[in-house]
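Trainee: Quick one: structure below, then a few questions.
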Amino acid sequence: MKFLLRVFLCSVLVLFAFNVRAQDPEKQQDAEGCKDSPLITRFPASTIHSCENKEYEQADFPLGTDKEGTALTKHVEGDYHSWDVGTRQGTSQIQVFRNFQTALKNAGFSIDYANSPGEIVAHKGATWIYLDNKGEFYYQTIVTEKQMQQEVTADASSLGEEINKTGRVAVYGIHFDTGKATIQPDSEKILSEIAKLLEQNADLKLRVEGHTDNQGNAAANQTLSEKRAQAVVTWLAAHSVPADRLSAKGLGQTQPVSDNSTEDARAKNRRVELVKQ
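The numbering of the sequence shown is my numbering, which starts it at 12 and goes up by one.
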């Protein structure tokens, strides 16, 4: 009898402890794989419902409106992290807002936009933080600006396929010194593939076209695009491609393939195209 009573009491204590833990918001588990940012801690006793981490992503950070009421944003691309965080019971929206506002200032961030008690945008160096605060929960986004690493390159086969299909192909990976027609050393891999393409297709003749973004003077961009196209022709001719199979043409900023509104878009416009003749 004493043994059965002991077992019963132990069972009751275990169930009681389990219920206490289940009702304690501080004991709720974060979503799998999610953890705090090293830049700023979460609101105390909060739970991370979900998170997202990407090597390279874009985000638009609100900066209010101009005099005409047009929304202003800061477009940032780079190392990306976001969180959906639930706060502890009884937390007010202004409580979360003031905590983050003070913490960011103390950490040396500049407050670029504050719409109390809902939104804060701040930055420090190349790192931007956005708090979209609802009180009972908040969304936090952090993006650190960085240059995208080009990981996909074309080869002779893929270049040839596109030229056979459309008569032209845009080539990325040919890099020049800023504002100049000097080809950078890391361009040699893709240039060698173009040379291989011409070697494998003895009857193929190409016009090398240079294109720029819309930054700077249009006339200067036109001249720059002509010089860059000619620089590519000169490189190929110096690497066993007969000069009579090549020609050069600069088109400046006149034929964009993107809207020039972001650095990524402008990078798409700064290109060399190969056109079948």
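Don't be surprised by glycine CBs; every beta carbon is placed ideally from N, CA and C.
Taking 8 Å as the cut-off, decide whether the C-beta atoms of L83 and G75 are in contact.
Mentor: Taking 8 Å as the Cβ cut-off, L83 and G75 qualify as a contacting pair.
Trainee: Evaluate contact between the region 269 to 277 and the region 227 to 235, counting only Cβ atoms and requiring at least three cross-stretch pairs below 8 Å.
Mentor: No, the region 269 to 277 is not in contact with the region 227 to 235.
Trainee: Which residue from A206, P267, T58 and S48 puts its Cα closest to that of N64?
Mentor: The residue with the shortest Cα to Cα distance from N64 is S48.
Trainee: When you compare the region 143 to 152 with the region 86 to 100, are there three or more beta-carbon pairs, one atom per stretch, that lie closer than 8 Å?
Mentor: The region 143 to 152 vs the region 86 to 100: in contact.
Trainee: DSSP three-state label for P49, please.
Mentor: Here P49 sits in coil by DSSP.
Trainee: Let me know the secondary structure DSSP gives K135 once reduced to three states.
Mentor: The answer is strand: DSSP assigns K135 an E or B state.
Trainee: Is the distance from the Cβ of K287 to the Cβ of I201 below 8 Å?
Mentor: Their beta carbons are not under 8 Å apart, which means K287 does not touch I201 by this criterion.
Trainee: Quick check on the burial criterion: 16 or more other C-beta atoms within 10 angstroms. Buried or exposed for T52?
Mentor: T52 is exposed by the Cβ-count criterion.
Trainee: Can the beta-carbon of A240 be found less than 8 Å from the beta-carbon of G221?
Mentor: Cβ atoms of A240 and G221: closer than 8 Å.
Trainee: Would you tell me roughly how many angstroms separate the C-alpha atoms of Q112 and D143, rounded to the nearest one?
Mentor: Rounded to whole angstroms, Q112 to D143 spans 12 Å at the Cα level.
Trainee: Counting only runs of 3+ residues fully inside the region 52 to 111, write out the beta strand (DSSP E) ranges in chain order.
Mentor: Counting whole runs of 3 or more residues, the region 52 to 111 contains the beta strand (DSSP E) stretches 58 to 76 and 82 to 97.
Trainee: For R277, report the span of its alpha helix (DSSP H) as first-last.
Mentor: Segment E274 to N280, the alpha helix (DSSP H) holding R277.
Trainee: Grab me the residues of N271's own chain with a C-beta within less than 7 Å of its C-beta, minus the 5 sequence neighbours each way, in chain order.
Mentor: So the qualifying residues of the chain are D224, N225, R277 and N280.
Trainee: Specify, as a first and last residue, the run of the beta strand (DSSP E) that S121 falls within.
Mentor: S121 -> beta strand (DSSP E) spans S121 to N126.
Trainee: Going by the DSSP bridge assignment, what does Y183 pair with across the sheet?
Mentor: In the DSSP output, where bridge partners are listed per residue, Y183 has none listed.
Trainee: Mark G136 as exposed unless 16 or more other C-beta atoms lie within 10 angstroms of its C-beta, in which case mark it buried.
Mentor: So G136 ends up on the exposed side.
Trainee: Out of Q69, D123 and A259, which one is the CA nearest neighbour of L217?
Mentor: Nearest of Q69, D123 and A259 to L217, Cα basis: A259.
Trainee: Using the Cβ count rule (16 or more neighbours within 10 Å means buried), how would you classify A254?
Mentor: That one is exposed.
Trainee: Using a Cβ-Cβ cutoff of less than 6 Å, which residues in the same chain neighbour E284 once the five nearest sequence positions on both sides are dropped?
Mentor: R179, A181 and E220.
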